[in-house]
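Trainee:
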Amino acid sequence: MAHYYMEPSRTFSEFLLVPNLTTKDCNPSNVNLKTPIVKFKKGEKPAYSLNIPFSSAVMQAVSDDRMAVALARSGGISFIYGSQSVEGQAEMVRRAKSYKAGFVVSRSNLTPEHTLKDVLELKERTGHSTVAITSDGSPKGKLVGIVTGRDYRISRDSQSKTVSEFMTPFSKLIYGKSGITLSEANDLIWDHKLNCLPVVDEQGNLDYLVFRKDYDEHKENPSELLDANKSYIVGAGINTKDYAERVPALVAAGVDVLVIDSSDGYSEWQKETIDFVKSNSDVKIGAGNVVDREGFLYLVEAGADFIKVGIGGGSICITREQKGIGRGQASAMIEVAAARDEYFQQTGIYVPICSDGGIVHDYHITLALAMGADFVMMGRYFARFDESPTRKLKVGNNFVKEFWGEGSNRARNWERYDTGGKAGLMFEEGVDSYVPYAGSLHENLSKTIHKIKSTMCNCGSLTIAELQQNARITLVSATSIIEGGAHDVILKENSIAGE
Ligand code: IMP
Numbered sequence: 001m002a003h004y005y006m007e008p009s010r011t012f013s014e015f016l017l018v019p020n021l022t023t024k025d026c027n028p029s030n031v032n033l034k035t036p037i038v039k040f041k042k043g044e045k046p047a048y049s050l051n052i053p054f055s056s057a058v059m060q061a062v063s064d065d066r067m068a069v070a071l072a073r074s075g076g077i078s079f080i081y082g083s084q085s086v087e088g089q090a091e092m093v094r095r096a097k098s099y100k101a102g103f104v105v106s107r108s109n110l111t112p113e114h115t116l117k118d119v120l121e122l123k124e125r126t127g128h129s130t131v132a133i134t135s136d137g138s139p140k141g142k143l144v145g146i147v148t149g150r151d152y153r154i155s156r157d158s159q160s161k162t163v164s165e166f167m168t169p170f171s172k173l174i175y176g177k178s179g180i181t182l183s184e185a186n187d188l189i190w191d192h193k194l195n196c197l198p199v200v201d202e203q204g205n206l207d208y209l210v211f212r213k214d215y216d217e218h219k220e221n222p223s224e225l226l227d228a229n230k231s232y233i234v235g236a237g238i239n240t241k242d243y244a245e246r247v248p249a250l251v252a253a254g255v256d257v258l259v260i261d262s263s264d265g266y267s268e269w270q271k272e273t274i275d276f277v278k279s280n281s282d283v284k285i286g287a288g289n290v291v292d293r294e295g296f297l298y299l300v301e302a303g304a305d306f307i308k309v310g311i312g313g314g315s316i317c318i319t320r321e322q323k324g325i326g327r328g329q330a331s332a333m334i335e336v337a338a339a340r341d342e343y344f345q346q347t348g349i350y351v352p353i354c355s356d357g358g359i360v361h362d363y364h365i366t367l368a369l370a371m372g373a374d375f376v377m378m379g380r381y382f383a384r385f386d387e388s389p390t391r392k393l394k395v396g397n398n399f400v401k402e403f404w405g406e407g408s409n410r411a412r413n414w415e416r417y418d419t420g421g422k423a424g425l426m427f428e429e430g431v432d433s434y435v436p437y438a439g440s441l442h443e444n445l446s447k448t449i450h451k452i453k454s455t456m457c458n459c460g461s462l463t464i465a466e467l468q469q470n471a472r473i474t475l476v477s478a479t480s481i482i483e484g485g486a487h488d489v490i491l492k493e494n495s496i497a498g499e
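According to UniProt numbering, the sequence shown is numbered sequentially starting from 1.
(1) Rounded C-beta distance between P139 and H450? I'm assuming under 8 Å.
(2) Following a CB-centred definition, is V58 positioned closer than 7 Å to any heavy atom of ligand 1?
(3) If distances are taken between C-alpha atoms only, which option among E268, S279, S281 comes closest to A287?
(4) Kindly identify the DSSP beta-bridge partner or partners of F403.
(5) Note down, in chain order, each residue of its chain lying with its Cβ closer than 6 Å to the Cβ of N51, except the 5 sequence neighbours on either side.
(6) Does DSSP put A497 in a helix, in a strand, or in coil?
(7) Would you mind listing the beta strand (DSSP E) stretches within the stretch 125-170 that are 3+ residues and don't spill past its ends, in chain order?
(8) DSSP puts S106 in a beta bridge; with which residues?
(9) Would you tell me roughly how many angstroms separate the C-alpha atoms of Y152 and T130, rounded to the nearest one?
(10) Could you check whether Y48 and D256 sit closer than 8 Å to each other, using their CB atoms as the reference points?
(11) Suppose contacts are defined by Cβ-Cβ distances below 8 Å. Is F306 in contact with V38 by that definition?
(12) Within the same chain, show all residues whose beta-carbon is closer than 7 Å to that of F403, passing over the 5 residues directly before and after it, in chain order.
(13) If distances are taken between C-alpha atoms only, which option among I473, G176, V251 comes closest to E14?
(14) Contact defined as beta carbons within less than 8 Å: I believe R246 pairs with G82. What is the distance between those atoms, to the nearest angstrom?
(15) Relative to the alpha-carbon of S279, which residue among L120, A304, V290 has its alpha-carbon at the smallest distance?
(16) If you check the beta carbons only, do V144 and F166 fall under 8 Å apart?
(17) According to the neighbour-count rule (16 or more other Cβ atoms, all chains shown, within 10 Å of its Cβ), is E499 buried or exposed?
(18) Within 10 angstroms of its Cβ, does N109 collect 16 or more other Cβ (buried), or is it exposed?
(19) Taking the alpha-carbon positions, what's the N409 to I318 distance?
(20) For T240, is the classification buried or exposed, using 16 other Cβ atoms within 10 angstroms of its Cβ as the cut-off for buried?
(21) Note down, in chain order, each residue of its chain lying with its Cβ closer than 7 Å to the Cβ of A497, except the 5 sequence neighbours on either side.
(22) Just reading off the beta strand (DSSP E) that A287 is part of, what are its end residues?
(23) Output needed for G348: all residues of its chain with C-beta closer than 7 Å, excluding positions within five of it in sequence on either side, in chain order.
(24) For my contact list, I80 and S55 are in at a C-beta cut-off of 8 Å; report their separation, rounded to the angstrom.
(25) Quick one: residues in its chain with C-beta nearer than 6 Å to the C-beta of V277, no 5 flanking neighbours on either side, listed in chain order?
(26) On the CB-based measure, 16 or more other CB atoms within 10 Å of its CB, does F427 come out buried or exposed?
(27) In the DSSP assignment, what residue or residues form a beta bridge with residue 500?
(28) Identify every run of the beta strand (DSSP E) within the stretch 39-108, keeping only runs that are complete inside it and at least 3 residues long; order them along the chain.
(29) Throw me the rounded Cβ distance for the R73 and N195 pair, which I believe falls under 8 Å.
(30) In the DSSP assignment, what residue or residues form a beta bridge with R472?
(31) Rounded to a whole number of angstroms, what is the C-alpha to C-alpha distance between T23 and L467?
(32) With burial defined as no fewer than 16 other Cβ atoms inside 10 Å of the residue's Cβ, what is the status of H192: buried or exposed?
(33) Does any heavy atom of ligand 1 sit closer than 7 Å to the C-beta of R391?
(34) Would you kindly work out how many angstroms separate the C-alpha atoms of D264 and G326, rounded to a whole number?
(35) Would you decide whether A228 is buried or exposed? Buried here means 16 or more other CB atoms lie within 10 Å of its CB.
(36) Roughly how many angstroms lie between the CA atoms of S160 and G204, to the nearest whole one?
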């Protein structure tokens, strides 16, 4: 006979947190959101932690190198999407790993043989007024000079004048040497009243440009997530098909953490993939998704470093409708967190869990953490920002960004849904959609983080571990959900109910 779960499976919106005593020291500025992302032994430190409990989804519409840089700057991690060629994904990882805040690879470059006309055309096209002059016109070629608006007079100079005649030659340039820090570069900029400092390597090849105007934006980021070489920590998604080719390429590109991206992770394919990764590299690897104790234990025994939880709750997901599998996200979290705690009691090994999909309101994040998640993964949330890879469009009077599921026809990520057998799938498990455009990641994330910290203070907790320990959580009735929004008032135009 089939096994029946006698309780209905529940979602985050069916729960609320009940406040605990808030002591005087319990204010948002004292809350620390640092959280482990890979397994560790009791008393030891995890090899990787996040400074904020956020990861961005393994999706074409969410996590490319630009998102990876933006999120790591704020203290979280992106898992760059794997539904692209091995080379394409490795290149994104490489770009994110080699990104240095404030150090820009020059995008407007010419040779000394070009003319003033070429300079003006380039400026028109790119909007950049600083042009690097390299021997071969490439961004990393030998630096022979710089041209800015101060080097020519359009009214007097002939457009056929060659760049070598009016550029500021290398011999007269103030420059920094590769390896210089951003604050050292900034000192040179200030001491010599420069707008732009070229950074060159030992052979005189151009490495980066540092602009005065960028400094303020980059100078402070107390939460940024960096490795020992001061590069951002970067994750990537893999599948259970082409890992033998994909994983070595990602490792060579410098990836820090991998995750197997699958709608149903309770499978022998995942075990084989983990085996391969563990026997061929030191790279950390998460697995999933699972929604119960059995799935969790299977992947932990297989060697996974963290486990992702959630089937069918994603905003673009139609898996439950199409296949009738899944579980309410809250019920899945509660069961897996209990299994994780029990495993920790028995073995002394703590395996972080990630709540993936279905986060709609900011308080859902706090609930997920209170229910035992160490971090969350979100797609829709991040897709709304400038930094997501998709187009921003105007639909009616509103700006939107495109957002499509990995199981949609558009993404064609069939590996994620494959259960073996025939290659390719016969039906979709995701939709193609828009999400409201919301502006910059940094601004939105700051607000969300403030809300989470503030709720944690209501719950008398200064860390995620304390929240997991002390939270009191109540089920809400259908009627009290109505009570939770604005009710029995006449809303003024443009006022926002809830969030
Ligand atoms: P969201 O934060 O609610 O948008 O959920 C994002 C999560 O949905 C991802 O991290 C995936 O686990 C899952 N997902 C992504 N694409 C699809 C799809 O096409 N079908 C089902 N689930 C998806």
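Heads up, the beta-carbon is just placed ideally off N, CA and C, and yes, glycines get one too. Small disclaimer: the values here were computed from a predicted structure and weren't measured.
Mentor: Considering the structure as presented:
(1) As a working mapping, residue 139 is identified with position 139 in the sequence shown. As a working mapping, residue 450 is identified with position 450 in the sequence shown. So it is not a contact: roughly 39 Å between Cβ atoms.
(2) As a position in the sequence shown, residue 58 is number 58, starting the count at 1. Relative to ligand 1, the nearest heavy atom lies less than 7 Å away from the CB of V58.
(3) Within the sequence shown, the letter at position 287 stands for residue 287. Residue nearest to A287 within the set E268, S279, S281 is E268 (criterion: CA-CA distance).
(4) Residue mapping note: residue 403 aligns to position 403 of the sequence shown, counting from 1. Looking at the DSSP assignment, F403 forms a beta bridge with S433.
(5) By 1-based counting over the sequence shown, the position of residue 51 is 51. Excluding sequence neighbours, N51 sits near K34, G75, S223, L225.
(6) Position 497 of the sequence shown, counted from the first residue, corresponds to residue 497. In this predicted model, A497 has a pLDDT of only 46, less than 50, meaning its place in the structure is not dependable enough to derive any value.
(7) Segments of the beta strand (DSSP E) lying fully in the stretch 125-170: 131-134, 143-147.
(8) For the purposes of this step, residue 106 is identified with residue 106 of the sequence shown, where counting begins at 1. Its beta-bridge partners do not exist; DSSP assigns none.
(9) Position 152 of the sequence shown, counted from the start, is the residue given in the question as residue 152. Position 130 of the sequence shown, counted from the start, is the residue given in the question as residue 130. Rounded to whole angstroms, Y152 to T130 spans 12 Å at the Cα level.
(10) Looking up residue 256 in the sequence shown gives position 256. Looking up residue 48 in the sequence shown gives position 48. Against a cut-off of 8 Å, the Cβ pair of Y48 and D256 comes out as a contact.
(11) As a working note, residue 306 is residue 306 in the sequence shown. As a working note, residue 38 is residue 38 in the sequence shown. Yes, Cβ-Cβ distance for F306 and V38 is below 8 Å.
(12) Stepping through the sequence shown from its first residue, residue 403 is reached at position 403. If you ignore the 5 residues before and after F403, its C-beta comes within less than 7 Å of the C-beta of A61, I316, R380, A383, T390, S433, Y434, V435, all in its own chain and listed in chain order.
(13) Translated into the one-based positions of the sequence shown, residue 14 becomes position 14. Closest by alpha carbon: I473.
(14) By 1-based counting over the sequence shown, the position of residue 246 is 246. By 1-based counting over the sequence shown, the position of residue 82 is 82. With a beta-carbon spacing of about 7 Å, R246 and G82 fall inside the 8 Å limit used to define contacts.
(15) Taking the sequence shown and counting its residues from 1, one reaches residue 279 at position 279. That would be A304, whose Cα lies nearest to the Cα of S279.
(16) Position 144 of the sequence shown holds residue 144. Position 166 of the sequence shown holds residue 166. No, they are not a contact pair.
(17) Position 499 of the sequence shown holds residue 499. Any reading at E499 needs caution, since the residue's pLDDT is 45, under 50, leaving its predicted position unreliable; the model's value is listed next. Burial call: exposed.
(18) Position 109 of the sequence shown, counting from 1, holds the residue named residue 109. It counts as buried.
(19) Translated into positions along the sequence shown, residue 409 becomes position 409. Translated into positions along the sequence shown, residue 318 becomes position 318. Straight through space, the alpha carbons of I318 and N409 are spaced by roughly 13 Å.
(20) The count along the sequence shown starts at 1 and reaches residue 240 at position 240. By the neighbour-count definition (other C-beta atoms within 10 Å, threshold 16), T240 is a buried residue.
(21) The residue given as residue 497 occupies position 497 in the sequence shown. Its pLDDT being 46, under 50, A497 is placed unreliably by the model, and the measurement read from it follows with that caveat. Result list for A497: G485, A486, L491, in chain order.
(22) Counting from 1 along the sequence shown, the entry for residue 287 is found at position 287. Its beta strand (DSSP E) spans residues 284-290.
(23) Sequence index remark: in the sequence shown, residue 348 carries index 348 (1-based). Around G348: K41, K42.
(24) In the sequence shown, the residue the question calls residue 80 occupies position 80. In the sequence shown, the residue the question calls residue 55 occupies position 55. Contact doesn't hold; Cβ gap of about 11 Å is too wide.
(25) The residue given as residue 277 occupies position 277 in the sequence shown. The beta carbon of V277 is closer than 6 Å to those of V247, I285 in its chain, skipping five residues each way along the sequence.
(26) For the purposes of this step, residue 427 is taken as the residue at position 427 of the sequence shown. With fewer than 16 other Cβ atoms inside 10 Å of its own Cβ, F427 counts as exposed.
(27) One cannot answer for residue 500 here, as it falls past the ends of the chain, which runs 1 to 499.
(28) List check, beta strand (DSSP E) in window: 54-56, 77-80.
(29) In the sequence shown, counting from the first residue as 1, residue 73 sits at position 73. In the sequence shown, counting from the first residue as 1, residue 195 sits at position 195. About 24 Å separates the two Cβ atoms, so there is no contact after all.
(30) As a working mapping, residue 472 is identified with position 472 in the sequence shown. BP columns for R472 point to V18.
(31) As a first step, residue 23 must be located in the sequence shown, where it is residue number 23. As a first step, residue 467 must be located in the sequence shown, where it is residue number 467. When rounded, the distance between both Cα atoms is 14 Å.
(32) Position 192 of the sequence shown, counted from the start, is the residue given in the question as residue 192. By the Cβ-count criterion, H192 is exposed, with fewer than 16 other Cβ atoms from all chains shown falling within 10 Å of its own Cβ.
(33) The residue given as residue 391 occupies position 391 in the sequence shown. Not one heavy atom of ligand 1 is found less than 7 Å from the C-beta of R391.
(34) Here residue 264 corresponds to residue number 264 of the sequence shown, with the count starting at 1. Here residue 326 corresponds to residue number 326 of the sequence shown, with the count starting at 1. Computed Cα separation, rounded: 9 Å.
(35) On the sequence shown, residue 228 is found 228 positions in, with the first residue counted as 1. A228 should be labelled exposed.
(36) Here residue 160 refers to the residue found at position 160 of the sequence shown. Here residue 204 refers to the residue found at position 204 of the sequence shown. The alpha-carbon atoms of S160 and G204 are separated by roughly 28 Å.
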